[in-house]
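J.: Here it is, the structure in full.
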Amino acid sequence: MGAQTKERKLKFIHRFKEVEKTEGDMTVQCHYYTHYSSAIIVASYLVRMPPFTQAFCALQGGSFDVADRMFHSVKSTWESASRENMSDVRELTPEFFYLPEFLTNCNGVEFGCMQDGTVLGDVQLPPWADGDPRKFISLHRKALESDFVSANLHHWIDLIFGYKQQGPAAVDAVNIFHPYFYGDRMDLSSITDPLIKSTILGFVSNFGQVPKQLFTKPHPARTAAGKPLPGKDVSTPVSLPGHPQPFFYSLQSLRPSQVTVKGSESPKGAIGHIVPTEKTILAVERNKVLLPPLWNRTFSWGFDDFSCCLGSYGSDKVLMTFENLAAWGRCLCAVCPSPTTIVTSGTSTVVCVWELSMTKGRPRGLRLRQALYGHTQAVTCLAASVTFSLLVSGSQDCTCILWDLDHLTHVTRLPTHREGISAITISDVSVTVLCPEAVFPLTLRFSFRITEKFRYLASESITDRKQ
Numbered sequence: 001m002g003a004q005t006k007e008r009k010l011k012f013i014h015r016f017k018e019v020e021k022t023e024g025d026m027t028v029q030c031h032y033y034t035h036y037s038s039a040i041i042v043a044s045y046l047v048r049m050p051p052f053t054q055a056f057c058a059l060q061g062g063s064f065d066v067a068d069r070m071f072h073s074v075k076s077t078w079e080s081a082s083r084e085n086m087s088d089v090r091e092l093t094p095e096f097f098y099l100p101e102f103l104t105n106c107n108g109v110e111f112g113c114m115q116d117g118t119v120l121g122d123v124q125l126p127p128w129a130d131g132d133p134r135k136f137i138s139l140h141r142k143a144l145e146s147d148f149v150s151a152n153l154h155h156w157i158d159l160i161f162g163y164k165q166q167g168p169a170a171v172d173a174v175n176i177f178h179p180y181f182y183g184d185r186m187d188l189s190s191i192t193d194p195l196i197k198s199t200i201l202g203f204v205s206n207f208g209q210v211p212k213q214l215f216t217k218p219h220p221a222r223t224a225a226g227k228p229l230p231g232k233d234v235s236t237p238v239s240l241p242g243h244p245q246p247f248f249y250s251l252q253s254l255r256p257s258q259v260t261v262k263g264s265e266s267p268k269g270a271i272g273h274i275v276p277t278e279k280t281i282l283a284v285e286r287n288k289v290l291l292p293p294l295w296n297r298t299f300s301w302g303f304d305d306f307s308c309c310l311g312s313y314g315s316d317k318v319l320m321t322f323e324n325l326a327a328w329g330r331c332l333c334a335v336c337p338s339p340t341t342i343v344t345s346g347t348s349t350v351v352c353v354w355e356l357s358m359t360k361g362r363p364r365g366l367r368l369r370q371a372l373y374g375h376t377q378a379v380t381c382l383a384a385s386v387t388f389s390l391l392v393s394g395s396q397d398c399t400c401i402l403w404d405l406d407h408l409t410h411v412t413r414l415p416t417h418r419e420g421i422s423a424i425t426i427s428d429v430s431v432t433v434l435c436p437e438a439v440f441p442l443t444l445r446f447s448f449r450i451t452e453k454f455r456y457l458a459s460e461s462i463t464d465r466k467q
């Protein structure tokens, strides 16, 4: 960040040389007296989300900083770190590429007013984001994953973790920080003066530390995305040398394959559940799901006596029949978030969460952990996300309900659809609920209460089909 402009780079080079001229003490010769990452930098970026709100206050002595100095604008922060402020060389945090929530003051924290009277609230975004944090994150991530970044990523690795972190190469790259930032250079055990030791520890705590050097040679460049070979259709799978398995396709030009892809066993009826693994694709019929993580067992329903069965994948062997589920009406759908958790629902309108008891790897029975009430008509589909501890149920009453998978409690109800919900799934990347009738991006709102990990708030549907 110290070399984003020619003028700024020359100033830091001048600082480095001036120390040698005036003091002759090479141990304090450096380009930067501040660091690109520290606790206060991270907390200042994420100050709008607990627990970073409290962490920022603690680092500031119990109160917020002056509003004008807080993170309030992407533009002003960039200008400060890249051009205007010689003591600011901060880099971004990972949240800039995946978490739009940190850009909004969703908890209504009072940060104060700036000198021009502006109340400090949501972060001011660049014009190209159109005021939409999701668009900002999406475009930002696309930039990070662009060919330009891929072609230059190894240079950044050289600076942060590689051979340009220390030594003559670091001097040439204008990448020398204050000696206190290098943990491998500071032997605190040899410092007997408690005041000096306390000063050094405070310096590191406030300003950060250079990570451990991992590479002493230039890091190889990342392999760029391949281009279609002459005379080859772009839908042909592209492989790396030495790796015959295809690793990507051109999605715009995919065509139905003439070869049927089969798993270890082909389903005997219409496919209801598909699980891709590293070696094969597993598929089972309707009214049947596979249990993680081995995917070698199935849970099935839809029998005339309303019972359900636990079976072995790839055979007709029934390991155990559960007749106690019949008391909850006909089962229409099920999902298995874990090897011992099975969620069922159907005509009773109740979502039932069951615990599968096991003894030495053998099933012993199903115990009802919780019955979740909220729908008024039959529940037709279920989906679960272990990543976000989220369960979603869709019903003929035209609603989707979100449930906390850890606490087994109601979270929220998504906006009503025009038709009953026929299928549903959850993205573990973007926390998006997708069904044939609509798409719902969800926002994670972090709670002040330690007992509540987060709440989900549903945005309005961005797709609403009139079919």
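Residue numbers for the sequence shown follow the UniProt record's numbering, beginning at 1 and rising by one. For every residue, glycine included, the Cβ atom is placed at its ideal position computed from N, Cα and C.
Tell me the DSSP secondary structure of H31 in three-state form.
T.: The answer is coil: DSSP assigns H31 none of H, G, I, E or B.
J.: Could you pull out every residue in the same chain whose Cβ sits closer than 7 Å to the Cβ of G121, ignoring the five residues on either side in sequence?
T.: Here G121 has N105 as same chain residues with Cβ atoms under 7 Å from its own Cβ, once five neighbours each way along the sequence are excluded.
J.: What are the start and end residues of the alpha helix (DSSP H) that includes K212?
T.: Segment: none, K212 is in no alpha helix (DSSP H) and carries neither H nor E.
J.: The alpha helix (DSSP H) that contains T199, what's its start and end?
T.: 194-207
J.: Short of 6 Å in beta carbon distance, which residues of its chain neighbour L408, apart from the five on each side in sequence? Order them along the chain.
T.: V353, Q370
J.: From the DSSP output, in three-state form, read off E285 for me.
T.: strand
J.: I need the boundaries of the alpha helix (DSSP H) containing D172, first residue and last residue.
T.: 168-172
J.: Is it the case that the segment 178-185 contacts the segment 120-136, given that we only count it when at least three CB pairs across the two stretches are under 8 Å?
T.: Cβ pair count under 8 Å is below three, so no.
J.: Apart from the five residues just before and just after Q4, which ones in its own chain have a Cβ nearer than 6 Å to its Cβ?
T.: S82
J.: Assuming E342 and L356 form a contact by the criterion Cβ under 8 Å, report the distance between their Cβ atoms to the nearest whole angstrom.
T.: Checking the sequence shown, residue 342 turns out to be Ile, not Glu. About 6 Å separates the two Cβ atoms, so the contact holds.
J.: Would you kindly work out how many angstroms separate the C-alpha atoms of H140 and A129, rounded to a whole number?
T.: Those two C-alpha atoms are separated by around 10 Å.
J.: Under 7 Å, do C400 and V392 count as touching if we go by C-beta distance?
T.: yes
J.: Spatial neighbours of F207 within its chain, please: C-beta separation below 6 Å, excluding the five flanking residues on both sides.
T.: T34, H35, S38
J.: Apply the 10 Å Cβ neighbour rule to T216 and answer buried if 16 or more other Cβ atoms are within range, or exposed otherwise.
T.: Around the beta carbon of T216, fewer than 16 other beta carbons lie within 10 angstroms, which makes this residue exposed.
J.: From V109 to V74, what distance separates their C-alpha atoms?
T.: One C-alpha to the other measures close to 19 Å.
J.: Quick one: Cα of E285 to Cα of D305, how far?
T.: 19 Å
J.: Residues in the same chain with beta-carbon distance under 7 Å from C8, minus the five sequence neighbours each way, listed in chain order, please.
T.: It should be pointed out that residue 8 corresponds to Arg in this sequence rather than to Cys. Hits under 7 Å: G2, R83.
J.: Would DSSP call Y182 helix, strand or coil?
T.: strand
J.: Under 7 Å, do S395 and H375 count as touching if we go by C-beta distance?
T.: Yes.
J.: Based on DSSP bridge pairs, tell me the residues matched to W403.
T.: L391, H410.
J.: Based on Cα-Cα distance, which residue from F16, I40, D428 lies nearest to L390?
T.: Put simply, of F16, I40, D428 the residue whose alpha carbon is nearest the alpha carbon of L390 is D428.
J.: Using CA atoms only, rank isn't needed, just tell me which of E419, I13, D147 is closest to A173.
T.: I13
J.: Please classify residue 481 as buried or exposed, where buried requires at least 16 other C-beta atoms within 10 Å of its C-beta.
T.: The structure shown does not extend to residue 481, since the chain is modelled only from 1 to 467, so the question has no answer here.
J.: Please list the terminal residues of the continuous beta strand (DSSP E) segment that includes V343.
T.: 341-346
J.: Do the segment 52-65 and the segment 188-203 touch if we need at least three Cβ pairs shorter than 8 Å?
T.: no
J.: So, for M86: in the same chain, excluding its five sequence neighbours on each side, which residues have a beta-carbon less than 7 Å away from its beta-carbon?
T.: K11.
J.: Between T298 and L99, what straight-line distance do the alpha-carbon atoms span, to the nearest angstrom?
T.: Those two C-alpha atoms are separated by around 36 Å.
J.: Give me the Cβ distance between V335 and L382, rounded to the nearest whole Å; I'm assuming they're in contact under 8 Å.
T.: Right, the Cβ-Cβ distance comes to about 4 Å (below 8 Å), so this counts as a contact.
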